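The structure appears right after this line, and notes come after that.
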Amino acid sequence: MTTDSTDSQIQQRIAKYGHHHMQIPWHDIMTSDNYTPAAKATLVDRSLIVGRIGLMLLSCGTGAWRVRDSMNIAARQMKMTCSAEIGLTSIEYTCMDEHQSYSQSLSLASTGVNTSKLTKLEGFMKMFEQRGGEMTIGQIHNTLSKIAKAKELYSPIKVGLAAGLACAAFIFLLGGGPVEMICCFFGASVGNFVRRKLIDHHITLIACIAMAILAACLTYFFVLNAGEVLFHVGARHEAGYIGAMLFIIPGFPFITSGLDMSKLDMASGLQRLTYALMIIIVATMSGWLVAMCLHLRPQNFLPLGLAPLTMALLRMVMSFCGVFGFSIMFNSTVRLAALAGCIGAVGNTLRLELVDLVHMPGGAAAFLGALTAGLLASVARRQVGYPRISITVPSIVIMVPGLYMYRAMYNMGITSVSVGAFWLVQAALIVIALPMGLTTARILTDPKWRHNG
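Here's what the structure looks like:
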């Protein structure tokens, strides 16, 4: 089926049933002319600009602090004061000038991550901070509309292959070998391809997750069985099926939830955390049910028998590949993905080596790995100008303990509660440590973040 025919079907469905979240006709509700500078436009028009900027940034997956900061910049340029309450998919805000105030509530149909669009919005905000008040309302809306209409950089096939690369690298870092990596590549590629196609058809979140996990696990199972028949591969490699599901782990909302709560944006932080937990519960439950049907078990991986130096070098290469693949899944440009990959290679390799060589607890090693990634991202950002969150979060997503989360759910599902609790605690410690590491790096390098008010 072609892209045009798919888009046509979606438009027909929308024409029949309508949007559940009605679209906002920004151009139709402007009241100011297209000649007056924005700073002198009506309060309603100025306020709508502030709200649209905030909503577009929120749709890219960035945290509440960045959304509020950009809304404040826009408000100051247009001679207003703005107060906003920001959630996962909604913004309630009030803009005030010396004469009156205007309140508005805006919401998104769903949430996601789009670092390419986020980079464009960051560039727009830098320009807006310099001369936004001189632009007309029409010029601002037209610029924002061009950014909003920008298409995805990668097709579903390319996004699927990126997930395959990321998960194949991920499973090596968890202890898997070539067989697990090959099976993971095919499983994750098919799974994320299915997920992307369902998202393009606006299928609800839970169905997208369940079908993607089903596709990934079945593909892994069939590829492994084909390997057994054709190449006499041992069945012991079935443990790698967990890696084929790791593309679904919501690293971005997990990390940004911690960052938001560190700045006391509790509504956004708690909603993001709940969203991430919902995805993990649905994904691990779906994976567990498929594993029960296919008789797959998350056993320990066979030892690779590599020398320490060789292992360290391979970990650096695979960390780069994993972060690069995840960044492409987040719609990053190749250059941005490569930069995040280099930073992730250093941070994640440091984390793994600390665990292996000095037997540091996983949570402490994760903190130091995230701190290192955050500090390197701060240096790199000054040189290349990318949004900090577009570099830091993808670089540490590979540290999110998806394997531990799945093993916790699997063991609880078979009533091995004590074993499940062990893996759950291990996962929780690492998940808590990662945003703490990024927050510490941000405090050390960003004076604006360091202070309240």
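First residue of the sequence shown: 407, per the working numbering; consecutive thereafter.
Ideal Cβ placement from N, Cα and C applies to all residues, glycine included.
Predicted model, so just to flag it, every value in this text is computed and none were measured.
Check: Can you tell which of I455, T798 and Q705 has its C-alpha closest to the C-alpha of S784?; Outcome: T798
Check: Should I685 go down as buried or exposed, given a rule of 16 or more other Cβ atoms within 10 Å for buried?; Outcome: buried
Check: Closest to A650 by CA distance: which of C590, V831, A445 and M533 is it?; Outcome: C590
Check: When we look at the beta-carbon of N706 and count the other beta-carbons within 10 Å, is it buried (16 or more) or exposed?; Outcome: exposed
Check: Take L742 as the anchor and find which of R787, S509 and M815 has the nearest alpha-carbon.; Outcome: R787
Check: Give the straight-line distance between the Cα atoms of G731 and P793, rounded to the nearest whole angstrom.; Outcome: 19 angstroms
Check: L512 by DSSP, collapsed to three states: which one?; Outcome: strand
Check: Using only the alpha-carbon positions, how far apart do T495 and Y681 sit?; Outcome: 11 angstroms
Check: How long is the line joining the alpha carbons of N858 and M717, rounded to whole angstroms?; Outcome: 43 angstroms
Check: Given Q677, which residues of its chain have a CB within under 6 angstroms of its CB, disregarding the five upstream and five downstream residues?; Outcome: G493 and L494
Check: Which value, in whole angstroms, describes the spacing of the CA atoms of L461 and T442?; Outcome: 24 angstroms
Check: How would you write the range of the alpha helix (DSSP H) that Y560 sits in, first residue to last?; Outcome: No alpha helix (DSSP H) holds Y560; DSSP gives it neither H nor E.
Check: Please specify which runs of the alpha helix (DSSP H), each continuous and at least 4 residues long, are wholly inside the region 805 to 833, giving them in chain order.; Outcome: 808 to 819
Check: Enumerate in chain order the residues of its own chain whose CB-to-CB distance from G728 is below 6 angstroms, with the five nearest sequence positions on each side excluded.; Outcome: A572, A575, F576 and I804
Check: Does DSSP classify C373 as helix, strand or coil?; Outcome: There is no way to answer for residue 373, as the model of the chain reaches only from 407 to 859.
Check: Quick one: what does DSSP say I655 is sitting in, helix, strand or coil?; Outcome: coil
Check: Looking at G664 and G582, is the spacing between their C-beta atoms short of 8 angstroms?; Outcome: no
Check: Which residues does DSSP list as the beta-bridge partners of A490?; Outcome: Y499
Check: On the three-state DSSP scale, how would you describe S663?; Outcome: helix
Check: Excluding the five sequence neighbours on either side, which residues of its own chain have a C-beta within less than 8 angstroms of the C-beta of A556, listed in chain order?; Outcome: S522, K523 and K526
Check: Does DSSP put V522 in a helix, in a strand, or in coil?; Outcome: It should be pointed out that residue 522 corresponds to Ser in this sequence rather than to Val. Correct three-state label for S522: helix.
Check: Need the endpoints of the alpha helix (DSSP H) that M691 sits in, please.; Outcome: M672 to L700
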